[in-house]
Structure formats: structure tokens, C-alpha cells
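S.K.: Under our numbering, the residues of the sequence shown are numbered 1 to 298, in order. Glycine is no exception: its CB is placed at the ideal position from the N, C-alpha and C atoms.
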Amino acid sequence: MVRKVVAQARSDRYNKLINSIAQYVHQNLSEDLSLERLAKEFHVSRFHLNRLFHAATGVKLGAFIQRRRLEQAYYLLAEKQATVLVAAVAVGYDSHAAFTRAFAKLFSIEPKQVKAGDAPEFTLPNVKKIATEPCFAPDILELPSRTLRGLYGCGFANQSFFRLASSLYQTLADTLGLTNGFDFSKQMVVGVAIDSPWRGDQTESRFFAGVDVEIAPDSEQQVAAFRWEGGRWARFEHIGPYQTMWQTILSIYSNWIIPNGYELRDCSVIQHYLNDAMTTPADELRTHIYIPLADNGE
Numbered sequence: 001m002v003r004k005v006v007a008q009a010r011s012d013r014y015n016k017l018i019n020s021i022a023q024y025v026h027q028n029l030s031e032d033l034s035l036e037r038l039a040k041e042f043h044v045s046r047f048h049l050n051r052l053f054h055a056a057t058g059v060k061l062g063a064f065i066q067r068r069r070l071e072q073a074y075y076l077l078a079e080k081q082a083t084v085l086v087a088a089v090a091v092g093y094d095s096h097a098a099f100t101r102a103f104a105k106l107f108s109i110e111p112k113q114v115k116a117g118d119a120p121e122f123t124l125p126n127v128k129k130i131a132t133e134p135c136f137a138p139d140i141l142e143l144p145s146r147t148l149r150g151l152y153g154c155g156f157a158n159q160s161f162f163r164l165a166s167s168l169y170q171t172l173a174d175t176l177g178l179t180n181g182f183d184f185s186k187q188m189v190v191g192v193a194i195d196s197p198w199r200g201d202q203t204e205s206r207f208f209a210g211v212d213v214e215i216a217p218d219s220e221q222q223v224a225a226f227r228w229e230g231g232r233w234a235r236f237e238h239i240g241p242y243q244t245m246w247q248t249i250l251s252i253y254s255n256w257i258i259p260n261g262y263e264l265r266d267c268s269v270i271q272h273y274l275n276d277a278m279t280t281p282a283d284e285l286r287t288h289i290y291i292p293l294a295d296n297g298e
């Protein structure tokens, strides 16, 4: 029992460290983000830092930093009408040519095309990490379309929507007259990140907190709808705090989607919460993560 507690404390400490690194990277994209500087900032060795990050996400820290820089540049080009040079400098690139090469390699499209509005609406970064052995065994499901009822809000903080989601679910339960909250054994409680918090201002990232339940007519106008599109989905399970969900999702992309050659549809990832965060220890929280697969995926 003592060993389990010690191991859990160590795991919690490492998860917090990885989250802190990710947040630091997001807030300092224009600065020097070398492994040496990050190791000094977080008081760990460069080797230990990279090993921990890679173990948690399936992506090397250097590749993660480059991806975050370029995703922010994509946002600046697409949403803020920044020039290619301004976007490059804003995310720490000194060379226009180096930025353009890296951007095209990650998104399979040149930055000037994004600037001109010629990019497809759904652009998924290419993740180059290839796993040496399978890490996941998801369920592949054919699901019908369904309409969820809930509330939208904005705000991604500390690597999750947890604070925002808690408020939205409480308001939703009150609106629906659920005085005892949701029954997780009978009601499908779902969360959806509408925007990528890695592209743009995280305080403006939208989140939908919903539930698959019949709505009384007098509550219909007080809630919003979200369409969960039917089709082929891969269902994974995340066990642990919601604050580490992004680590699991990134690892799924790196260690399962890319190595197996799957293509994704233009749909948001769905999170189905299987137990109540208010009554369940964080390390025992269970979440099903639904990834939308294109019909031609094998």
C-alpha cells in the first residue's frame, strides 16, 4: 500500500511537471525554448525532461515545441491576418525560409496559402513519431448520429477545460432540474473541445458540456444542441485526471493513428465521462475518448 501511494505521488508530480512544461511552452512561443533552457527552468536534467515528456505523450519534447509554434502561426495567419514573416517571428523563427519549410512539412500546405484563405477548413498536423510497438487497442465502432443537449463556454486553463466544465455541468444540471446531479450509470455525460486550445488564445477556446437525455419542453430554450455525427469511431479509455487528457490524446495520435495510417474526419474528439469527478479520486476517473475515423481507414 505504501509503495502504491509513493508511486501515485511520483506519477502526480510528473504529470504536473509535464503540464507545466506544456503551459510554459504555450506562453513563451517567441522565446528560446531549447531543452537546456527548459531543463534549467524546471530544475531537471535535459535527459530526464525529454524522457518523461516522451513517455507521457509519445512525442519528443523538441517536436512538441515545434508543433506548438507552428500551430500558433497557423492561427495567426488564418485568423489574425498576419503576414508570413510576422507569424514566423511571433513564434520564434528568424528565417522566413526555415519557417516555410517547417510549416509545409507539418501541415502539407504552405503558409502563404493559409494567409490567402486557400487552406482546407480541417487541417491536421502531421505527427512523425512512429511507435516501435502498439500502445493502444481501441474498440472500432459504427455509431448512429445523436443530438446532445448542453451548454457552451470558453476557457482552457492548466491544460484542461476542467474549471469551465465544472461550472457548465452544474448550471446544466440546475437547468434540467437534476437536483442530485447526473447519474453517470444511466446518463451519457459528454465534453467536446470545439476549438483547439493550441491554436490561438486559450481563454477563447470553446467547450461544449452536454448530456444525452430527453429535455422537457420548458427547458428546451435554455440549452444548446451539439450534433454528434454518426459513422466510424475509435474508442479509447483514459484513466486519471482530466488535466492529463491532452497527454493521452497526443499519444493516441502519435502511437496509434499515424503508425496505423488512419485518416480522420472533420469532427471533434468526443469525451464521455464514466464517473463523477466530484466523488471519484482523480487517479480513478475513467473517460472514453472517441476519435472520428474516415470511412477509408483500415
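1. If contacts are defined as beta-carbon pairs under 8 Å, then isoleucine 289 and threonine 244 qualify, I think. What distance do you get, rounded to the angstrom?
2. Determine the extent of the alpha helix (DSSP H) in which arginine 265 is found, giving its start and end residues.
3. Tell me which residue opens and which closes the alpha helix (DSSP H) that isoleucine 318 is part of.
4. Just the C-alpha distance for arginine 46 and threonine 175, rounded to the nearest angstrom, thanks.
5. Would you report the Cα separation of threonine 57 and phenylalanine 236, rounded to the nearest angstrom?
6. So isoleucine 249 is in the beta strand (DSSP E); what residue range does that whole segment cover?
7. Pick helix, strand or coil for threonine 175, following the three-state DSSP scheme.
8. Per DSSP, what kind of secondary structure is tyrosine 93 in: helix, strand or coil?
9. I need the DSSP call for phenylalanine 236, collapsed to helix, strand or coil.
10. Given a threshold of 16 other Cβ atoms within 10 Å of its Cβ, counted over all protein chains shown, does threonine 287 qualify as buried or as exposed?
11. DSSP on glycine 62, reduced to helix/strand/coil?
12. In whole angstroms, what is the alpha-carbon distance linking aspartate 283 and glutamine 170?
13. With phenylalanine 301 as the anchor, note down where its beta strand (DSSP E) starts and where it stops.
14. Nearest to tryptophan 228 by CA position, among Ala209, Ser30, Tyr242, is which residue?
15. Any contact of the segment 146–153 with the segment 96–114, i.e. 3+ C-beta pairs under 8 Å?
16. Locate the beta strand (DSSP E) running through leucine 52, then write down its first and last residues.
17. Are the CB atoms of serine 268 and isoleucine 194 nearer to each other than 8 Å?
18. Could you compute how far the alpha carbon of histidine 54 sits from the alpha carbon of arginine 69?
19. Should the segment 174–192 be regarded as contacting the segment 214–223, the criterion being three or more beta carbon pairs within less than 8 Å?
20. Arginine 199 and tyrosine 74 look like a contact to me (Cβ under 8 Å); what is the Cβ gap, rounded to whole Å?
21. Where DSSP assigns a beta bridge to phenylalanine 207, which residues make up the other side?
22. Just the Cα atoms here: how many angstroms apart are glutamate 36 and aspartate 12?
23. Starting from the C-beta of glutamine 187, find all residues in its chain whose C-beta is less than 8 Å away, skip the five residues before and the five after it, and write them out in chain order.
24. Looking at leucine 285: is its Cβ nearer than 8 Å to the Cβ of tyrosine 242?
25. Rounded to whole angstroms, what's the CA-CA distance from leucine 151 to alanine 225? Just pull it up for me.
M.R.: So, from the data block:
1. Sequence index remark: in the sequence shown, residue 289 carries index 289 (1-based). Sequence index remark: in the sequence shown, residue 244 carries index 244 (1-based). Isoleucine 289 to threonine 244, Cβ: 12 Å. No contact.
2. Your numbering for residue 265 matches position 265 in the sequence shown. Premise fails: arginine 265 is in no alpha helix (DSSP H) and is neither H nor E.
3. Coverage of the chain is limited to positions 1 through 298, which leaves residue 318 absent and any answer about it impossible.
4. Your numbering for residue 46 matches position 46 in the sequence shown. Your numbering for residue 175 matches position 175 in the sequence shown. Those two C-alpha atoms are separated by around 50 Å.
5. If you number the sequence shown from 1, residue 57 lands on position 57. If you number the sequence shown from 1, residue 236 lands on position 236. Roughly 15 Å between the two C-alpha positions.
6. Position 249 of the sequence shown, counted from the start, is the residue given in the question as residue 249. Isoleucine 249 -> not in any beta strand (DSSP E); alpha helix (DSSP H) instead, spanning 245–252.
7. Here residue 175 corresponds to residue number 175 of the sequence shown, with the count starting at 1. Threonine 175 falls in the helix class under three-state DSSP.
8. Here residue 93 corresponds to residue number 93 of the sequence shown, with the count starting at 1. Three-state DSSP puts tyrosine 93 in coil, outside helix and strand.
9. Reading the sequence shown from its first residue, position 236 is the one you call residue 236. Three-state result, phenylalanine 236: strand.
10. As a position in the sequence shown, residue 287 is number 287, starting the count at 1. The residue in question, threonine 287, is buried, as its Cβ has 16 or more Cβ neighbours within 10 Å.
11. For the purposes of this step, residue 62 is taken as the residue at position 62 of the sequence shown. In the structure shown, glycine 62 sits in a helix (DSSP, three-state: H, G or I).
12. Along the sequence shown, one-based indexing puts residue 283 at 283. Along the sequence shown, one-based indexing puts residue 170 at 170. Roughly 22 Å separates the two Cα atoms.
13. No answer is possible for residue 301: the residues shown for the chain start at 1 and end at 298.
14. Counting from 1 along the sequence shown, the entry for residue 228 is found at position 228. For the residues Ala209, Ser30, Tyr242, the minimum Cα distance to tryptophan 228 belongs to Ala209.
15. no
16. On the sequence shown, position 52 is the one that residue 52 refers to. Careful: leucine 52 lies outside any beta strand (DSSP E), inside the alpha helix (DSSP H) at 46–57.
17. Here the question's residue 268 lines up with position 268 in the sequence shown. Here the question's residue 194 lines up with position 194 in the sequence shown. Yes.
18. The count along the sequence shown starts at 1 and reaches residue 54 at position 54. The count along the sequence shown starts at 1 and reaches residue 69 at position 69. About 18 Å.
19. yes
20. The residue labelled residue 199 in the question sits at position 199 within the sequence shown. The residue labelled residue 74 in the question sits at position 74 within the sequence shown. That pair is a contact at about 6 Å.
21. Within the sequence shown, residue 207 is the residue found at index 207, counting from 1. DSSP, once it has assigned bridges, lists Gly153, Ala193 as partnering phenylalanine 207.
22. Against the sequence shown, residue 36 aligns to sequence position 36. Against the sequence shown, residue 12 aligns to sequence position 12. Whole-angstrom Cα-Cα distance: 24 Å.
23. Locating residue 187 in the sequence shown gives position 187, where the first residue counts as 1. Correct list, in chain order: Val211, Asp212, Val213.
24. Along the sequence shown, one-based indexing puts residue 285 at 285. Along the sequence shown, one-based indexing puts residue 242 at 242. Taking 8 Å as the Cβ cut-off, leucine 285 and tyrosine 242 qualify as a contacting pair.
25. Reading the sequence shown from its first residue, position 151 is the one you call residue 151. Reading the sequence shown from its first residue, position 225 is the one you call residue 225. If you take the alpha carbons of leucine 151 and alanine 225, they lie about 8 Å apart.
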